[in-house]
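Visitor: Each number in this note's numbering comes from the position in the sequence shown (counting from 1) with 132 added on.
A virtual CB, placed ideally from N, CA and C, is assigned to each residue, including glycine.
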Amino acid sequence: MLFVGIDGEMSSPDRENGGKLIQIGLTVEGPDGLDTVSYLIRPIGEMLWSEEAAKIHNIPQEALKGALHPDEVDEILYEWLIKRGAKPRQRAKTIAVGFNIIGFDMPFIKETLPKTYSLFSRRMADLNGMLWLLHGKNNLNFDSWKQLALDYAHMNMLEHKPHDAGWDSARHLVCFNYLRNVILNA
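Structure follows, in structure tokens:
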């Protein structure tokens, strides 16, 4: 299995009305630790821009003008994943990992990066589901388990750059490994 931490930053969370994927980050575990890639994506067509989203991701619209075309990013990420073990004919073995990726990130990725999306299983490791499994264990609720996972990632990562898609994708994979260990050793 190839577990891939994923995070996207969007111009707006409202994809149906023009919100766009403007930054993507992917992380896998390699022989030397976490292997992360991240790209800004130039929006094509009309883009809905949310000031509230911009306050979170801190990506200025001006930076997107020099970003790569979505098709270029799609090709680069596809090849990057293939080199790290993803197999087009065995997509069930490439698992997307992240917080709320099923309901939020993956629809944007499917729309913007269809070739990359084609490498992923339709079964995903949404970290929120793992947190709900742990809800009540050791008298801790969903939010407490999430905080423990985030604290673990913070202690085990060299940098701290929340809402950068590359960094967040790495954090998602570290949180996944923490939560999986808690569940397996229950």
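Of all the beta strand (DSSP E) runs that stay within the bounds of the stretch 163-217, which reach a length of 3 or more residues?
Guide: 165-172
Visitor: Does the separation of the CB atoms of residue 153 and residue 176 fall below 8 Å?
Guide: no
Visitor: When you compare only the Cα positions, how much space is there between residue 186 and residue 252?
Guide: 28 Å
Visitor: Alpha carbon to alpha carbon, what distance is there between residue 136 and residue 220?
Guide: 15 Å
Visitor: Which class does residue 142 belong to by DSSP, given the choice of helix, strand or coil?
Guide: strand
Visitor: If contacts are defined as beta-carbon pairs under 8 Å, then residue 229 and residue 138 qualify, I think. What distance do you get, rounded to the angstrom?
Guide: Here residue 229 really is in contact with residue 138; their C-beta atoms are around 7 Å apart, less than 8 Å.
Visitor: Determine the contact status of residue 146 and residue 180, defining contact as a CB-CB distance below 8 Å.
Guide: It is a contact, given that the beta carbons lie within the stated cut-off.
Visitor: Taking one C-beta from the stretch 229-246 and one from the stretch 269-276 each time, how about it: are there three or more such pairs within less than 8 Å?
Guide: no
Visitor: Hey, how far is the Cα of residue 281 from the Cα of residue 287?
Guide: 10 Å
Visitor: Take residue 171 as the anchor and find which of 202, 193, 292 and 216 has the nearest alpha-carbon.
Guide: 202
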